[in-house]
Structures are given as C-alpha cells and as structure tokens.
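Asks:
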Amino acid sequence: MLLTIEQHGAWQGLRLPFATLIYPLQQAVNSPVHLVRKAIDTLSSYTDLAAENQRLRDEQLVLKTKLLKFAALEQENIRLRGLLDTSFKVGEQVLIAELLSINLVPYEHVVVVNKGSRFGVHPQQAVFDGNGVVGQVLRVTPQTAEVMLITDPSHAIPVQINRNGLRTIALGTGQIDRLALPYLPSNADVQVGDLLVTSGMGGVFPQGYPVAKVTAISPQKSPFAKISAVPVAQLDRNRELLLVWSDSQPIPRIPEAVPNPAPRSPTADARP
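The sequence shown runs 1 to 272 under UniProt numbering.
1. Can you tell me which of Gln207, Ile157, Arg237 and Lys221 puts its alpha carbon nearest to the alpha carbon of Leu179?
2. Would you say the segment 119-137 touches the segment 204-214, given that touching needs at least three Cβ pairs under 8 angstroms?
3. Can you check whether the CB of Thr168 is closer than 8 angstroms to the CB of Thr151?
4. Rounded to a whole number of angstroms, what is the C-alpha to C-alpha distance between Leu138 and Phe119?
5. For my contact list, Gln93 and Gly116 are in at a C-beta cut-off of 8 angstroms; report their separation, rounded to the angstrom.
6. Does DSSP classify Thr141 as helix, strand or coil?
7. Do the segment 219-230 and the segment 179-188 meet, that is, are 3 or more Cβ pairs less than 8 angstroms apart?
8. What residues in its chain sit with their C-beta under 7 angstroms from that of Pro153, if we drop five residues either side in the sequence?
9. With respect to the beta strand (DSSP E) encompassing Ala225, which residues constitute its N-terminal and C-terminal limits?
10. In angstroms, rounded to a whole number, what distance separates the CA positions of Asn77 and Glu240?
11. Measuring alpha carbon to alpha carbon, tell me which residue in Val147, Asp189 and Glu146 is nearest Arg163.
12. Going by other Cβ atoms of all chains shown within 10 Å of its Cβ, with 16 needed for buried, is Val105 buried or exposed?
13. Mind checking who Ala170 pairs with in its DSSP beta bridge?
14. With DSSP collapsed to three states, give me the class of Asn131.
15. Should Asn53 go down as buried or exposed, given a rule of 16 or more other Cβ atoms within 10 Å for buried?
16. Can you tell me which residues form a DSSP beta bridge with Met148?
17. Tell me whether the beta-carbon of Val140 lies closer than 8 angstroms to the beta-carbon of Pro123.
18. Does the Cβ of Pro231 have 16 or more other Cβ atoms within 10 Å, making it buried, or fewer, making it exposed?
19. To the nearest angstrom, how far is it from the Cα of Pro250 to the Cα of Met148?
20. Tell me whether the beta-carbon of Val204 lies closer than 8 angstroms to the beta-carbon of Ala126.
21. Could you give the first and the last residue of the continuous beta strand (DSSP E) run that contains Lys213?
22. For residue 279 and Glu98, what's the separation of their Cα atoms in angstroms?
23. Apply the 10 Å Cβ neighbour rule to Glu59 and answer buried if 16 or more other Cβ atoms are within range, or exposed otherwise.
24. Does DSSP classify Leu49 as helix, strand or coil?
25. Put Ile254 into one of helix, strand or coil per three-state DSSP.
26. Let's see if you can read the secondary structure: which residues bound the beta strand (DSSP E) around Leu99?
27. Based on Cα-Cα distance, which residue from Pro206, Ile217 and Pro219 lies nearest to Trp245?
28. Can you find the residues in the same chain that come closer than 7 angstroms, C-beta to C-beta, to Pro219, ignoring five residues on each side of it along the sequence?
29. Can you tell me whether Ser199 is buried or exposed, with buried defined as 16 or more other CB within 10 angstroms of its CB?
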C-alpha cells in the first residue's frame, strides 16, 4: 500500500511536466480539427449569407417591378384626370375610348379606338385628348372607330389665333409634329408662340379649344407667308382619347346600324 502511494505521488510529480511537454503536440494534432470545424462553420455562414443575399435580390426585383407598375398606373391616372378635366371644359357629352392600333405613315395619320356605332360614335365627331384637339372620326364599325388625326395630309381644321382672333385654316402635313397655315398673307399679325384654337367654323369642332402653337414664320416672295405650328395634343403618345358629342347630338340609347364605309376624303370644312 505504501509503495503504491509513493508510486502514485511520483507519477503525479511527473504528470505536470509531461503534460507541459506534450501540449504543443496536442495542439498540433487538434489544430486541423479546429480548422476543419471553423471552415465548415464559415462555409455554412457563407452559404446562408449567399442564400439571404439572393432572396433579397429577388425581393428587390419584385419591388422594382411593382414600382414600375405603380408608376405606369400613376401616369394613367394623370392622363385620365386630364381627360376628365377636358370633359368638364367641353361641357358636353363625352366618352373615353382606348387606342387599339395606330397608322402613322406619311400619307395617312389614322388611329383606331375601341368605341364604335353601338356607343353612338359617328363620322365627323370631334376627338380630344387632355391637351387639345386630336382629330375627328373618319368611319365607324359597331365596335370600333377610325380617327383621322389633325396632322393627316387630308385634314383641314378652321382655327383662329387666340391673341387677336385672326381666322385661318390649319392643314395636316403628314408629319406628326407639324401643321401648315398656308392661307395667311405675308403681312398677317402672326407671332412665333401664338396659340391656335378652334374657331367653331364648319360645325365639327367646338369653339375655343387648343389646336397648335406657331413655331416658325418664313417670309416668302409670294403673297402668302409660310407658317408652321406644332400640335398641342400628344398625338404620338396617347392611349386614351375623348369622343365629344355636341348638345344637338346626344349619345343614342339604342345602338345604331353599321353605316356603309364612306370613301376617305378631306374634311368638308369650308376654306376661307
């Protein structure tokens, strides 16, 4: 028993130095294990972060798409409010129509809308947007109507200079951003920036609605000036248009029969 105790005491005396001696070896053996565990933890954290990052990117894309839709809806609301404001200004019966197709070739500026004779739409009916005059109905079917824009080379609209009341005719040129005023004398009181409004002559367009602004005046040797104007309506950007009925032509309650398509011809408005 005493021998065992003495041996045990001797071993205890050697244990601490021995443990100190082998500690570096234990660390060397355990280090790869710790490194592997640390690498696994790091890789796991990286994988989690990568997944979270991808999820956030996906959410960001969804939110951006929603914002684009909201922006489009906001612009649509602005356009519709503009049409609503125009309808109050007109003070007559109106109907909002959406564009179905557009034909803007040099010899023809015509758009098709989704309202036709079953809604009471008829040829030579005035058409507006939120800024001014767009054109007039050319022909109709029960479900659709063709609208000739004021820039169509066959179109003519009686106008007057808002500043002084001088009347003339504005002709379409086949260019979406240009009207011509070929019937004013060279000495006419016209200035760049003058607003042209409907004169009410011809019976198609109500009086006093914006048509175009004078952009260029070129004196010529002939008795008539060369005058250009830009339409105020957004002819190449509209998605909704406003069909207008005068008080003498209320919207019918019963759908009309489909009229025979009439040959395309210039506006019947009288020239000065």
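All C-beta atoms in this analysis are idealised placements derived from N, C-alpha and C, irrespective of residue type, glycine included.
Replies: Walking through what the data contain:
1. For this step, residue 179 is matched to residue 179 along the sequence shown. For the residues Gln207, Ile157, Arg237 and Lys221, the minimum Cα distance to Leu179 belongs to Ile157.
2. yes
3. Residue mapping note: residue 151 aligns to position 151 of the sequence shown, counting from 1. Residue mapping note: residue 168 aligns to position 168 of the sequence shown, counting from 1. No. Outside cutoff.
4. As a working mapping, residue 138 is identified with position 138 in the sequence shown. As a working mapping, residue 119 is identified with position 119 in the sequence shown. For Leu138 and Phe119, the distance between alpha carbons rounds to 15 angstroms.
5. Locating residue 93 in the sequence shown gives position 93, counting from the first residue. Locating residue 116 in the sequence shown gives position 116, counting from the first residue. Rounded, the Cβ-Cβ distance is 16 angstroms, inconsistent with contact.
6. Indexing the sequence shown from 1 puts residue 141 at position 141. Coil.
7. yes
8. Taking the first residue of the sequence shown as position 1, residue 153 is located at position 153. Excluding residues within five positions, the ones whose Cβ falls inside 7 angstroms are Tyr107, Gly172, Thr173 and Gly174.
9. Taking the sequence shown and counting its residues from 1, one reaches residue 225 at position 225. First-last for Ala225: undefined, no H or E at that position.
10. Counting from one through the sequence shown, the residue named residue 77 turns up at place 77. Counting from one through the sequence shown, the residue named residue 240 turns up at place 240. If I take the Cα positions, the gap works out to 11 angstroms.
11. The residue given as residue 163 occupies position 163 in the sequence shown. Of the listed residues, the one whose Cα sits closest to Arg163 is Asp189.
12. Translated into positions along the sequence shown, residue 105 becomes position 105. Label assigned to Val105: exposed.
13. Position 170 of the sequence shown holds residue 170. In the DSSP output, where bridge partners are listed per residue, Ala170 has Ile157.
14. Counting from 1 along the sequence shown, the entry for residue 131 is found at position 131. Three-state result, Asn131: coil.
15. Residue 53 sits at position 53 when you count from the first residue of the sequence shown. Per the 10 Å Cβ criterion, exposed.
16. What you label residue 148 is simply residue 148 of the sequence shown in a count that begins at 1. Answer is Val110 and Gln136.
17. The residue you call residue 140 lines up with position 140 of the sequence shown. The residue you call residue 123 lines up with position 123 of the sequence shown. Yes, these two residues count as a Cβ contact at 8 angstroms.
18. Residue numbering aside, residue 231 sits at position 231 when the sequence shown is read from its first letter. Classification of Pro231: buried, given that the 10 Å Cβ count is 16 or more.
19. Walking along the sequence shown from the start, residue 250 turns up at place 250. Walking along the sequence shown from the start, residue 148 turns up at place 148. Because Pro250 carries a pLDDT of 46, less than 50, the predicted location of this residue cannot be relied on, and no value is offered for it.
20. Mapped onto the sequence shown, residue 204 falls at position 204. Mapped onto the sequence shown, residue 126 falls at position 126. Yes, the pair counts as a contact, with Cβ atoms nearer than the cut-off.
21. Position 213 of the sequence shown, counted from the start, is the residue given in the question as residue 213. Start and end: Pro210 to Ser218.
22. One cannot answer for residue 279 here, as it falls past the ends of the chain, which runs 1 to 272.
23. Counting from 1 along the sequence shown, the entry for residue 59 is found at position 59. Answer is exposed; the Cβ neighbour count stays below 16.
24. Residue mapping note: residue 49 aligns to position 49 of the sequence shown, counting from 1. The answer is helix: DSSP assigns Leu49 an H, G or I state.
25. If you number the sequence shown from 1, residue 254 lands on position 254. Confidence at Ile254 is low in this model, with a pLDDT of 38, below 50, so its placement is unreliable and no value can be given for it.
26. Along the sequence shown, read from residue 1 onward, the residue named residue 99 stands at position 99. Start and end: Gln93 to Val105.
27. Position 245 of the sequence shown, counted from the start, is the residue given in the question as residue 245. The shortest Cα separation from Trp245 among Pro206, Ile217 and Pro219 belongs to Pro206.
28. One-based indexing of the sequence shown puts residue 219 at position 219. The answer, listed in chain order, is Ser186 and Ala225.
29. Numbered from 1 along the sequence shown, position 199 holds the residue referred to as residue 199. It is buried - the Cβ of Ser199 has at least 16 other Cβ atoms within 10 Å.
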